[in-house]
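Shown next, in structure tokens, is the structure this report addresses.
Protein chains: 2
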Amino acid sequence: MNEIDLIEKIRKLATKGPQIAVGIGDDCAVFRPKPKQDLLFKTDPMIEDIHFTRDLAPEIVGHRALARNLSDLAAMGGDPEFCLVSLALPAHLMNNKLGEKWDEEWIGKFYRGLMALAKKTGTALAGGHLAKADKLFCDVIVCGSVPRGKALLRSGAKPGDALYVSGRLGKSWESRFTPRLELGRSLRGRATSCIDISDGLSLDLFRLCRASKVAAEVDRVPIVRGASLDRALHGGEDYELLFTMPERLQAPKGTTRIGTIVRGKHGAVRFQGEPLEARGHDHFRR
Amino acid sequence: MNEIDLIEKIRKLATKGPQIAVGIGDDCAVFRPKPKQDLLFKTDPMIEDIHFTRDLAPEIVGHRALARNLSDLAAMGGDPEFCLVSLALPAHLMNNKLGEKWDEEWIGKFYRGLMALAKKTGTALAGGHLAKADKLFCDVIVCGSVPRGKALLRSGAKPGDALYVSGRLGKSWESRFTPRLELGRSLRGRATSCIDISDGLSLDLFRLCRASKVAAEVDRVPIVRGASLDRALHGGEDYELLFTMPERLQAPKGTTRIGTIVRGKHGAVRFQGEPLEARGHDHFRR
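Chains as they are written, first to last, in our numbering: chain A, 206 to 491; chain B, 206 to 491.
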């Protein structure tokens with residue numbers, strides 16, 4: 206199967222959103238914004254041997270490649286609109302050593318995993334790219350929307366705000382997580398700041414505090430069964446939301462208050478009275 | 206230099222467009238569309254040893270990574286709005302073997318090459334991502350705009366239309382080419398179809414004809430000094446525009462009429478009376 210035929214096949218998998226004026230198959234995808242929408246964009250590639258290993262099921266690679274970006278949308282309070290998928294495949298995923306054919310089975314499963322989540326979350330597949338590479342590389346770009354000016358930022362936390370987290374922490378590398386889109390949406394106009402926990406609570410809380418020019422006191426963290434406190438504090442890939450709200454507002458369902466925003470050195474975080482080092486995942490430390 | 210400090214440094218390089226409500230440093234970039242804009246999106250990664258080799262100057266990698274995507278925008282008649290940059294760097298580009306530091310010099314030069322073209326073309330840098338990889342990988346995502354409904358598509362060529370190409374062909378791998386944005390913009394409302402020649406005239410003309418459900422007769426091609434006819438017909442990376450217009454309209458400056466759209470098998474192309482095989486660059490043939 207050559208590239209043109211393969212793109213034709215992927216096009217058939219794709220859902221078209223009502224705002225996708227031109228989808229897969231032209232030089233660019235064309236998106237028609239609604240009046241007074243702000244659009245949110247995120248790109249976060251997944252690379253073999255860095256973010257996953259070769260033995261991970263292609264459906265899960267597809268799911269995660271989209272889910273990690275949708276988690277960033279959720280953190281801004283966004284509704285998913287569409288995604289673009291850049292996929293580069295190594296020769297070992299091709300049917301023969303001449304590299305003349307793509308491995309339809311792998312690509313098919315990857316897209317099934319991705320499209321299942323795309324359909325569930327209302328994300329259209331608007332375009333993408335296929336290339337060859339030595340290692341598997343996929344870069345999913347997502348676009349979401351919020352009503353004008355309603356995006357949740359990292360930078361709005363105020364001293365006195367209550368600090369919350371969704372779900373339970375320490376579950377790094379759960380094979381298929383669900384991005385907290387509904388929660389993010391419900392926080393619009395209520396949360397003063399929000400971030401998703403992709404690199405560990407300690408590092409992402411540091412980022413939120415630094416962006417907001419505040420400090421934080423953490424009293425407790427909800428831990429998933431079987432995980433250590435260390436993992437809950439510093440493990441990456443939780444994909445829960447960490448956010449702040451004025452104390453007088455009621456906590457959303459499924460969230461736990463873990464502490465309070467305070468004045469102090471920008472980014473300084475204390476856990477049960479002791480300084481908490483921001484040693485969550487940071488790429489340069491791997 | 207850690208990731209947070211490095212992102213801070215890149216943020217200082219970035220230009221913010223008037224429509225970028227939130228740039229680098231939050232979970233997503235936020236773009237505020239103008240009324241009645243259609244937005245165009247393109248992603249097209251560049252991978253070490255597939256699209257370039259390690260000895261290519263980082264400024265040129267940065268320039269090309271943006272330019273090849275702007276060329277697709279040009280082909281749709283788009284005005285550049287912003288880009289997102291996903292960059293994954295191998296260990297050999299880091300300062301020490303522990304991979305604890307990014308190579309600021311390489312990254313700095315890459316961004317200088319990219320930002321020089323971004324500023325020249327009015328493309329804001331709105332966000333991106335840094336990761337580690339075994340090979341250098343960069344995926345630049347560009348967003349452009351056209352007035353509603355004015356995007357130039359591949360699919361509008363009609364029998365009887367004149368077929369044009371910009372510039373001269375066969376110059377594959379010119380180190381820094383200029384995307385034909387001005388020409389693309391001038392074709393809005395005049396060209397019936399348009400595509401950029403990234404994979405060779407024969408393959409891209411085949412794509413245009415197939416999308417338009419027409420055939421084409423090519424009489425001549427303008428060839429760059431020193432290039433062979435074969436290279437002009439089949440070589441990739443020309444980044445010129447190939448487009449069709451009704452015969453009665455005047456050809457834009459700097460373009461050459463190379464043939465005529467005709468009825469026939471969809472995608473069938475003849476050159477000086479003989480069938481022209483679509484053997485331009487197609488990834489699966491590499």
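Using N, Cα and C, we set each Cβ at its ideal position, and we do this for glycine too.
Asked	Found
On the criterion of 16 or more Cβ atoms from any shown chain inside 10 Å, does Lys241 (chain A) qualify as buried, or is it exposed?	exposed
Whose Cβ in chain B lies nearer than 7 Å to the Cβ of Arg462 (chain A)?	By Cβ distance, chain B contributes nothing, its closest Cβ being about 22 Å from Arg462 (chain A), past 7 Å.
What are the residues of the region 316 to 334 of chain A that lie near chain B, defined by any Cβ-Cβ distance shorter than 8 Å?	Ala331, Gly332, Gly333, His334
Can you grab the Cα-Cα spacing for the pair Asn301 (chain B) / Asp277 (chain B), in whole Å?	A caution first: Asn301 (chain B) carries a pLDDT of 46, below 50, which makes its placement in the model too unreliable to give a value.
Looking at C-beta atoms only, is the number of pairs between the region 367 to 376 of chain A and the region 431 to 438 of chain A that lie closer than 8 Å three or more?	yes
Measure from the alpha carbon of Leu330 (chain A) to the alpha carbon of each residue in A:Phe246, A:Phe287, A:Ala270, then state which is nearest.	A:Phe287
Name the residues in the region 215 to 248 of chain A whose C-beta lies less than 8 Å from a C-beta of chain B; which are they?	Ala226, Val227, Gly230, Asp231, Asp232, Cys233, Ala234, Val235, Phe236, Arg237, Pro238, Pro240, Gln242, Asp243, Leu244, Leu245, Phe246, Lys247, Thr248
What does Gly283 (chain B) reach in chain A if we use C-beta pairs closer than 8 Å?	Cys233
For Asp260 (chain A), which residues of its own chain have a beta-carbon under 8 Å away from its beta-carbon, when the five flanking residues on both sides are left out?	none
For Leu386 (chain A), report the span of its alpha helix (DSSP H) as first-last.	386 to 391
Is the beta carbon of Gly333 (chain A) sitting closer than 7 Å to the one on Leu294 (chain A)?	no
Hey, does Pro250 (chain B) have any beta-carbon neighbour from chain E nearer than 7 Å?	Going by chain labels, chain E is absent from the structure shown, which instead holds the protein chains A and B.
If you draw a straight line from the alpha carbon of Leu413 (chain A) to that of Cys399 (chain A), how long is it in whole angstroms?	7 Å
Tell me whether the region 315 to 331 of chain A and the region 435 to 450 of chain A touch, counting them as touching only if at least three CB pairs, one residue from each stretch, are closer than 8 Å.	no
Report the neighbours of Phe342 (chain B) on chain A: residues whose CB is nearer than 8 Å to its CB, in chain order.	Pro250, Ile252, Ala293, Ala338, Phe342
Under the DSSP definition of a beta bridge, which residues are partnered with Met450 (chain B)?	B:Ala367
Taking three-plus beta-carbon pairs below 8 Å as touching, is the region 240 to 257 of chain B in contact with the region 224 to 233 of chain A?	yes
Quick one: which chain A residues come within Cβ less than 8 Å of Arg353 (chain B)?	Arg237
So that I know if they touch, is there some Cβ in chain B lying closer than 7 Å to that of Ile402 (chain A)?	no
Considering only C-alpha positions, which residue in the set A:Asp409, A:Cys348, A:Lys314, A:Pro451 is nearest to Gly472 (chain A)?	A:Asp409
Is there a Cβ of chain A sitting closer than 7 Å to that of Leu481 (chain B), yes or no?	no
Just by C-beta distance, which residues in the region 353 to 380 of chain B are closer than 9 Å to chain A?	Arg353, Gly354, Ala356, Leu357, Leu358, Arg359, Ser360
Quick test of your reading: Leu388 (chain B) and Leu357 (chain B), contact by CB under 8 Å. State the CB separation rounded to the nearest angstrom.	Not confirmed; about 11 Å, so no contact.
Taking its Cβ as the centre, do 16 or more other Cβ atoms sit within 10 Å of Pro451 (chain A), making it buried, or is it exposed?	exposed
Hey, could you find the ends of the alpha helix (DSSP H) Arg395 (chain B) is sitting in?	Run containing Arg395 (chain B): none; DSSP gives neither H nor E here.
If you measure between the beta carbons of Val370 (chain B) and Glu445 (chain B), is that distance less than 7 Å?	yes
Using a C-beta to C-beta distance shorter than 8 Å, which residues of chain B count as neighbours of Asp277 (chain A)?	Asp232, Cys233
Measuring alpha carbon to alpha carbon, tell me which of B:Phe382, B:Ile215, B:Lys470 ends up nearest Ser403 (chain B).	B:Phe382
If you measure between the beta carbons of Ala176 (chain A) and Gly469 (chain A), is that distance less than 7 Å?	The requested residue 176 (chain A) does not occur in the structure, where chain A is confined to residues 206 to 491.
Residues of chain B with CB under 7 Å from Leu392 (chain A), in chain order?	Neighbours of Leu392 (chain A) on chain B: none; closest Cβ ~13 Å, over 7 Å.
For Glu253 (chain B), tell me which candidate among B:Asp232, B:Glu309, B:Glu213, B:Ala338 has the shortest Cα-Cα distance.	B:Ala338
Quick check on the burial criterion: 16 or more other C-beta atoms within 10 angstroms. Buried or exposed for Asp424 (chain A)?	exposed
Unbroken beta strand (DSSP E) runs of length 3 or more, entirely within the region 429 to 478 of chain B: which are they?	446 to 450, 460 to 467, 474 to 476
From what residue to what residue does the alpha helix (DSSP H) around Asp277 (chain A) run?	263 to 280
Does the beta carbon of Ala280 (chain A) sit closer than 7 Å to a beta carbon anywhere in chain B?	yes
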